[in-house]
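First the structure, in the form of structure tokens, and then the observations on it.
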Amino acid sequence: MSKYTIMFVCTGNTCRSPMAEAALRCLLENERPGAAEIISSGVAAANGFPATMYAIEAVKVWDCDLSKHRSQQLTRELIDRSDLIMGMTSEHVREILRLSPEAKDKVYLFKNFPDPSPSGEPVEDPIGQSLEVYNRTFLEIGEQLGRILPEILKRIDEKVHA
Numbered sequence: 000m001s002k003y004t005i006m007f008v009c010t011g012n013t014c015r016s017p018m019a020e021a022a023l024r025c026l027l028e029n030e031r032p033g034a035a036e037i038i039s040s041g042v043a044a045a046n047g048f049p050a051t052m053y054a055i056e057a058v059k060v061w062d063c064d065l066s067k068h069r070s071q072q073l074t075r076e077l078i079d080r081s082d083l084i085m086g087m088t089s090e091h092v093r094e095i096l097r098l099s100p101e102a103k104d105k106v107y108l109f110k111n112f113p114d115p116s117p118s119g120e121p122v123e124d125p126i127g128q129s130l131e132v133y134n135r136t137f138l139e140i141g142e143q144l145g146r147i148l149p150e151i152l153k154r155i156d157e158k159v160h161a
């Protein structure tokens, strides 16, 4: 069985995209165990850094674990192996498409998905702010994932049963 690969992209890959990765992984453990690979990367990430302390703390509300996360730079190889890619801001979407213009049919602004429009509301970067801001950011990510989960499940099922 071929896994459906979903990648979230932010700037440093230590806050927003790892929180989205952890949250979706937790959701899919119940809905489609083993059917998807969830990854994340950053357009300006240095490889090998842990998620921020507050990101690790914020995802615990869903019993998710980010303690083993290590940042990775967005690469063309990661883009090529992903079936669905969601950038946290329009700038992230532009950078993904700059690296791989042919990926345009699988790249979305996170808060717009499944609408392909590349401009819209970003998920603001909580880096350097309080735990309260991280908690709000994670709540925003969780609400968005709740909204788009049916479409994600449909896409996973289409690949798994293809």
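Numbering-wise (numbering that gives the first Met the number 0), the sequence shown opens with residue 0 and increments by one.
Glycine included, every Cβ here is placed at the ideal spot set by N, Cα and C.
Since the model is a prediction, treat every value here as computed from it, not as a measurement.
#1: Which same chain residues, not among the five before or five after E28, have their C-beta less than 6 Å away from its C-beta?
#2: Excluding the 5 residues flanking R31 on each side, which residues of the same chain have their C-beta closer than 7 Å to its C-beta?
#3: Check each candidate in C63, T74, Y3 and name the one with the smallest Cα separation from L98.
#4: Runs of 4 residues minimum, wholly inside the stretch 30–104: which ones carry the alpha helix (DSSP H) assignment?
#5: Can you tell me where the beta strand (DSSP E) with T4 in it begins and where it stops?
#6: Just list the residues that DSSP pairs L23 with in beta bridges.
#7: So, is G41 buried or exposed, given that buried needs 16 or more other C-beta atoms within 10 angstroms?
#8: Out of Y53, Q128, Q71, state which residue places its alpha-carbon closest to the alpha-carbon of D64.
#9: How far does the alpha helix (DSSP H) with V159 in it reach, from first residue to last?
#10: Could you tell me how far apart the beta carbons of I140 and A22 are, in whole angstroms, since I believe they sit closer than 8 Å?
#11: Who are V106's beta bridge partners in DSSP?
#12: Taking C-beta to C-beta, are Q72 and K110 nearer than 7 Å?
#13: Considering only residues of the same chain and omitting the five flanking positions on each side of L83, which have a CB-CB separation below 7 Å?
#14: Report buried or exposed for A43, applying the criterion of at least 16 other Cβ atoms within 10 angstroms of its Cβ.
This is what the structure holds:
#1: Taking E28 as the centre and dropping the five residues before and after it, the same chain places no C-beta closer than 6 Å to its C-beta.
#2: L152, I155
#3: T74
#4: 52–57, 75–80, 89–98
#5: 3–9 is the extent of the beta strand (DSSP E) around T4.
#6: Beta-bridge pairing by DSSP links L23 to no other residue.
#7: Result: buried.
#8: Distance check between D64 and each of Y53, Q128, Q71 places Y53 closest, using alpha-carbon atoms only.
#9: 130–159
#10: 6 Å
#11: Paired residues: I84.
#12: Contact: no.
#13: I5, K105, R154
#14: exposed
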